[in-house]
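Residue 14 in this note's numbering sits at position 30 of the sequence shown; the count goes up by one each step and never skips. Where a beta carbon is used, it is the ideal one built from N, C-alpha and C, also for glycine.
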Amino acid sequence: MIKNLNYIYAFCIIVALGFSVKVVLAQEKPTSQLIESWECFDDDWAYNSWAISKKISKDINKPPVLARLKRFSKGGSEHGEVVVAGSLQKARFQIRGFNRRWDFGARYKYTFIIEPNKSGAYYDFTTASKVMPSQLYKCEK
């Protein structure tokens, strides 16, 4: 009887240790932390008139958001997300000089850059390795 109790006691200790190891491992997995988030609008009269009228009245509706960009940190490295036309795409994120840059899409052939003055530019590298921005935006945090 005592021998059986020793086996049961040893089994309980092993199970308890195994459970605590699993709990510790589960807690140590790094999770993504949102560092910054941007909304970008068409860089034309609609945005400029909204920005001017926002100073006069807080009730003016924003122009439509055309792109949302996010920067995350996970385990010491950074990555991003780009949402365009309701489609979420994973992105590489980096800071080059003062500019924030998201590379996304198949083989990272698309790039979105936000400059310190909050101007955004979209580049499509599917047809050439050097291109001009095909769309310009105004962006806000």
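Select from 104, 92, 111 and 28 the residue whose C-alpha is nearest the C-alpha of residue 76. Position 92 of the sequence shown holds residue 76. Residue 92 holds the alpha-carbon nearest to the alpha-carbon of residue 76 among 104, 92, 111 and 28.
Expressed to the nearest angstrom, what Euclidean distance is found between the alpha-carbon atoms of residue 104 and residue 62? Within the sequence shown, residue 104 is the residue found at index 120, counting from 1. Within the sequence shown, residue 62 is the residue found at index 78, counting from 1. Going from the Cα of residue 104 to the Cα of residue 62 covers about 20 Å.
To which residues of the same chain is residue 124 closer than 6 Å at the C-beta, ignoring the five residues directly before and after it? As a working note, residue 124 is residue 140 in the sequence shown. A distance below 6 Å between beta-carbons, with the five flanking residues on each side excluded, links residue 124 to the following residues of its chain, in chain order: 23.
Please classify residue 69: is it buried, with 16 or more other beta-carbons within 10 angstroms of its beta-carbon, or exposed? Working through the sequence shown from its first residue, we reach residue 69 at position 85. Exposed: under 16 other Cβ atoms inside 10 Å.
Using the DSSP secondary-structure output, state which residues sit across from residue 57 in a beta bridge. Taking the sequence shown and counting its residues from 1, one reaches residue 57 at position 73. Residue 57 is bridged to 17 and 62.
Is residue 109 near residue 95, with beta carbons less than 9 Å apart? Taking the sequence shown and counting its residues from 1, one reaches residue 109 at position 125. Taking the sequence shown and counting its residues from 1, one reaches residue 95 at position 111. Contact: yes.
Helix, strand or coil, according to DSSP, for residue 69 in the structure here? In the sequence shown, counting from the first residue as 1, residue 69 sits at position 85. Residue 69: coil per DSSP, three-state reduction.
With a cut-off of 8 Å on the beta carbons, I'd call residue 122 and residue 27 a contact; round off their distance for me. For the purposes of this step, residue 122 is identified with residue 138 of the sequence shown, where counting begins at 1. For the purposes of this step, residue 27 is identified with residue 43 of the sequence shown, where counting begins at 1. Taking a contact as a CB-CB distance under 8 Å, the pair residue 122 and residue 27 counts as one, their CB atoms being some 5 Å apart.
According to DSSP, is residue 112 part of a helix, a strand, or is it coil? Working through the sequence shown from its first residue, we reach residue 112 at position 128. Looking at residue 112 - three-state DSSP - the assignment turns out to be coil, as it is neither helix nor strand.
When you compare the CB positions of residue 52 and residue 84, do they come within less than 9 Å of one another, or not? Here residue 52 refers to the residue found at position 68 of the sequence shown. Here residue 84 refers to the residue found at position 100 of the sequence shown. No. Outside cutoff.
Helix or strand or just coil, what does DSSP make of residue 5? Taking the first residue of the sequence shown as 1, we reach residue 5 at position 21. Unreliable placement is indicated for residue 5, whose pLDDT of 38 sits below 50; no coordinate value is reported for it.
List the DSSP bridge partners of residue 124. Counting from one through the sequence shown, the residue named residue 124 turns up at place 140. 23.
Apart from the five residues on each side of it in sequence, which residues of its chain come closer than 6 Å, Cβ to Cβ, to residue 78? Mapped onto the sequence shown, residue 78 falls at position 94. Hits under 6 Å: 85.
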